[in-house]
């Protein structure tokens, strides 16, 4: 970068482009190709940005972008943004990098607030806001990075820099969006032969359960309700944004596996097959829900990835002869915020782990979710791995404004289903449209689909939660998908044994309509022999 004088320049910014983008097709570009670069050296460097910022002397003595949010501004913060031509990036995995410095940035009111180095993506069927994880407080210049996949049907991409709902000052320089992986043009052929399902029952229908589930809980679910499947979480609660040392992982895991060992005996007694769900792999950071997620160092540290493979080798040896295990769910809702150079992305890590399991256990299904978050759209760009006997899993919480109303953000107005939600009418047809990438993936590759989680918060207004669950289960059944409801006797907000009053945290005596709906499907179940 060029060296400039120390005099700050105030600029009110409007829109144009910092650097022209290439016209080549993404598939013809090489890894590292730079789609966008802003170094803020030129006097008119902020031409093209919406918002207000300052050009000041900063990184390595040259000009940098500085934004400040004062006490009276904290509610809205201070950001700048620029819209970028998305056509050249469709289907690509993008690496965003920047140099960032901060002073006295206040605590985040929510995990997604704070310093923003973020891409706002829009498609006809969804919006997403991938961003770099950045600390608060004060820190000197350091590299920030994140990865994101641009949907093939993306209609807009806006880059956002600044501060959101916090006070303080932040500086940015050397902001780049570069190609990490081009779209795959030659996709695999369908897997030959009958579709592998990993069991011989007409359907698996059940629920996710708490790792603190008792024998009585499983007796009710398996015997009284006639479920034939549970998804057992190996989950570690650490607090939002927090991490735990890798050295403590084995001790924690062994304690959780001892709980699972006891539960497998109860599951055999009550006719419940088991998905072993590694909800908290090594290297994760605490999510908004407080549990350690499938993210962070899992994609930045090779030692953590090696540990991940070793963990699954250990579990495969432990459970390879278990008749009640249906499958191994490798990682819950993986999120590739940033994939470091020389470290596997999820596609590669999943394949490496699956091959390691297959060297030990050729019997049980390997269950694979795709990034980000295992949602329906995650299968749009994902590819099946070349390993035998894999089932692909999806979690369904779309639209989240309905399913998660008043979960993370309180005092929200009630959201009805079916109805208008965030400017779009949602009904069964809309849900089917959201699940189309899942249907296409199943048909294109001849693979079985398992809906590992789906739910609606119990205090959704009126019969909304029941109607949403009814429409979803009918769709799942029409496509022959196995499924597990989230969740049975875990957090009361998802419980079908609780009524719609959020203040009532006790199970009600009379079955709710949601409970009747699930049990109506469970009545059709056959039990494993």
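In the numbering used here, the protein residues as written are 983 to 1511. For each residue, glycine too, the CB sits at the ideal point set by N, CA and C. In this text the structure is predicted, and so the values were computed from the model without any measurement.
C-alpha distance - residue i paired with residue j, whole-angstrom precision
i, j, result
"residue 1310", "residue 1263", "13 angstroms"
"residue 1478", "residue 1433", "18 angstroms"
"residue 1366", "residue 1035", "45 angstroms"
"residue 1509", "residue 1370", "25 angstroms"
"residue 1230", "residue 1243", "21 angstroms"
"residue 1031", "residue 1382", "30 angstroms"
"residue 1330", "residue 1055", "44 angstroms"
"residue 950", "residue 1157", "The first residue shown for the chain is 983 and the last is 1511, placing residue 950 beyond what the model contains."
"residue 1421", "residue 1161", "29 angstroms"
"residue 1043", "residue 1022", "12 angstroms"
"residue 1362", "residue 1380", "15 angstroms"
"residue 1305", "residue 1250", "8 angstroms"
"residue 1117", "residue 1133", "28 angstroms"
"residue 1511", "residue 1237", "29 angstroms"
"residue 1283", "residue 1013", "21 angstroms"
Closest Cα partner of residue i within the set the options
i, options, result
"residue 1173", "1498, 1191, 1428", "1428"
"residue 1033", "1049, 1021, 1041", "1049"
"residue 1319", "1137, 1335, 1100", "1100"
"residue 1108", "1396, 1415, 1261", "1415"
"residue 1486", "1027, 1214, 1326, 1440", "1440"
"residue 1266", "1053, 1243, 1221", "1221"
"residue 1104", "1118, 1129, 1135", "1135"
"residue 1483", "1442, 1446, 1502, 1464", "1442"
"residue 1338", "1329, 1293, 1474", "1293"
"residue 1072", "1186, 1011, 1284", "1011"
"residue 1163", "1472, 1077, 1386, 1296", "1077"
"residue 1254", "1232, 1181, 1020, 1017", "1181"
"residue 1171", "1467, 1423, 1496", "1423"
"residue 1376", "1016, 1188, 1465, 1281", "1465"
7 angstroms CB neighbourhood of residue i in its chain, flanking five on each side removed
i, result
"residue 1505", "1208"
"residue 1418", "none"
"residue 1197", "1248"
"residue 1217", "1193, 1261, 1262, 1273"
"residue 952", "Residue numbering for the chain in the displayed model covers 983 to 1511; residue 952 lies beyond these limits and cannot be assessed."
Cβ-based burial, residue i [other Cβ within 10 Å; buried from 16]
i, result
"residue 1269", "buried"
"residue 1373", "buried"
"residue 1075", "buried"
"residue 1112", "buried"
"residue 1206", "exposed"
"residue 1288", "exposed"
"residue 1430", "buried"
"residue 1227", "exposed"
"residue 1214", "buried"
"residue 1498", "exposed"
"residue 1341", "exposed"
"residue 1004", "Note that residue 1004 has pLDDT 46, beneath the 50 cutoff, so the model's placement of it is unreliable and the number below is only indicative. Residue 1004 should be labelled exposed."
"residue 1473", "exposed"
"residue 1315", "buried"
"residue 1571", "With the chain covering only 983 through 1511, there is no way to say anything about residue 1571."
"residue 1507", "buried"
"residue 1358", "buried"
"residue 1385", "buried"
"residue 1502", "exposed"
"residue 1187", "buried"
Cβ-based neighbour list, residue i, same chain, cut-off 8 angstroms, excluding 5 preceding and 5 following
i, result
"residue 1122", "1083"
"residue 1052", "1149"
"residue 1191", "1199, 1200, 1203, 1212, 1213, 1214, 1215, 1469, 1470, 1471, 1472"
"residue 1490", "1479, 1480, 1481"
"residue 1285", "1228"
"residue 1408", "1381, 1384, 1399, 1400, 1401, 1402"
Beta bridge counterpart(s) of residue i as assigned by DSSP
i, result
"residue 1064", "1141"
"residue 1324", "The partner list for residue 1324 (beta bridge, DSSP) is empty, contrary to what the question assumes."
"residue 1228", "Answer by DSSP bridge pairing: none, since residue 1228 is not bridged."
"residue 1187", "1465"
"residue 1146", "1096"
"residue 1157", "1020"
"residue 1432", "1375, 1464"
"residue 1113", "1100"
Cβ neighbours of residue i in the same chain (closer than 6 angstroms, five flanking residues each side left out)
i, result
"residue 1592", "With the chain running from 983 to 1511 in the structure shown, residue 1592 is simply not present."
"residue 1364", "1352"
"residue 1343", "1298, 1302"
"residue 1179", "1430"
"residue 1436", "1378, 1454"
"residue 1396", "1443"
"residue 1000", "Residue confidence is low: residue 1000 scores 47 on pLDDT, short of 50, so the model does not pin down where it sits. No coordinate-derived value is stated."
"residue 1290", "1263, 1264"
Below-7 angstroms beta-carbon distance, residue i vs any chain D residue
i, result
"residue 1425", "No chain D appears in the structure shown, which is made up of a single protein chain."
Contact test: residue i Cβ vs the ligand HEM heavy atom, cutoff 6 angstroms
i, result
"residue 1148", "Ligands in the displayed structure: none, and consequently the ligand HEM is not present."
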